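The structure appears below as structure tokens.
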Amino acid sequence: MARAHTDAGDSGRNTTLWDDAVAWAHEFAAAADPLLANDPQDWDTRAVEGILAVTAYVLAVRHDIAVRDLGPEAVIVPFFTPDTYAETMAAGLATAGHQPNDSDDPVSRQWAWLTREWPRDEFGELLGSGPAWPPRWSMGGRCAPRPAVVAYEVMVGSVLIDALAAERGALPARAAVRITGGEHAGRTGRVESSAWVVDGWVVRAGPPPGYAINFGAVPDSSPVEVEVHNIAAEHVAPAPTEH
């Protein structure tokens, strides 16, 4: 496993590693969703690639590893704790020598863009518009605009999870399945999520040991409740295709 290449100036910041993270994020996002490769200035593309780049960079610095040796099994881990994701990234950037709002530092500029908030009036309406504001059609601009790191965190996590599932041969989210054993044998449902196990700072090797299976709405529940159970992977199989 390669160590992170260091090209640091007096600040101690690793500029080459950041360039590697940006390049990796662009390639990964484009491969995961071709729509993100259409326009590098598209708001959604900038947000997704920016979050991926910052996450990969922080992890590469922390573990002294080359960005391309991380893989989705490492980059996904901070997204398993969404409530602390932004705090974890900010702390990692500070440890790597990046100061908030340092306009001469491309890493700090990227993080400032991802965490920016927009001023509002007393009625909650935005006080401005233009290229610096998220367009209404973007995920960041729907309803009340939010910082990109908040608006896109779930989307980025889903992209990484899908990539990890494909790499490990796991059933993808929303896949139709049937249960072949255990107390729910014979039932059908859909994959809600994979029960990945974190080993240190990476997801443990191999396919997930289980899945959260969505069996649909609980009959006569009000408000509507959804029945979800954790099922061992050995009891989960793809549902037969209907003809």
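The C-terminal residue of the sequence shown carries number 244 in the working numbering, and the numbering is unbroken. All residues carry an ideal CB built from backbone N, CA and C; glycine is no exception. It should be emphasised that the depicted structure is a prediction, and the values quoted were computed from it without experimental measurement.
- For valine 78, no alpha helix (DSSP H) run applies, since DSSP gives it neither H nor E.
- Bounds of the alpha helix (DSSP H) holding glycine 93 are 86–96.
- In the three-state scheme derived from DSSP, where H, G and I count as helix and E and B as strand, valine 198 is classed as coil.
- Within the segment 172–219, the runs of beta strand (DSSP E) that reach at least 3 residues and sit entirely inside it are, in chain order, 177–180, 189–195, 211–218.
- Rounded to whole angstroms, the Cβ separation of alanine 33 and valine 160 is 5 Å, and the two are in contact under 8 Å.
- In the structure shown, the three-state DSSP call for glutamate 226 is coil.
- Less than 7 Å separates the beta-carbon of histidine 236 from that of isoleucine 180.
- Assigned with DSSP and collapsed to three states, alanine 31 falls in helix.
- Isoleucine 232 sits in a strand when the DSSP states are folded into three classes.
- Alanine 75 sits close to leucine 60, with the two beta carbons spaced by under 7 Å.
- Our two residues, valine 178 and valine 78, have alpha carbons roughly 26 Å apart in a direct line.
- Boundaries for valine 68: no alpha helix (DSSP H) harbours it, and the DSSP string shows neither H nor E there.
- Burial of serine 195 is indicated by the presence of at least 16 other C-beta atoms within 10 angstroms of its C-beta.
- DSSP, read as helix, strand or coil, puts alanine 240 in coil.
- Taking a 10 Å sphere around the C-beta of phenylalanine 29, we find 16 or more other C-beta atoms and assign the residue as buried.
- Straight-line spacing of the CA atoms in alanine 87 and glycine 187 works out to 42 Å.
- Under the three-state reduction of DSSP, glutamine 111 is assigned to helix.
- When DSSP states are grouped into helix, strand and coil, glycine 170 belongs to the coil group.
- With respect to the C-alpha of alanine 113, the residue from Ala31, Val199, Pro173, Asn102 having the closest C-alpha is Asn102.
- In this structure proline 210 is not in contact with valine 192, their Cβ atoms being roughly 14 Å apart against a cut-off of 8 Å.
- Rounded to whole angstroms, the separation of the alpha carbons of leucine 37 and alanine 54 is 14 Å.
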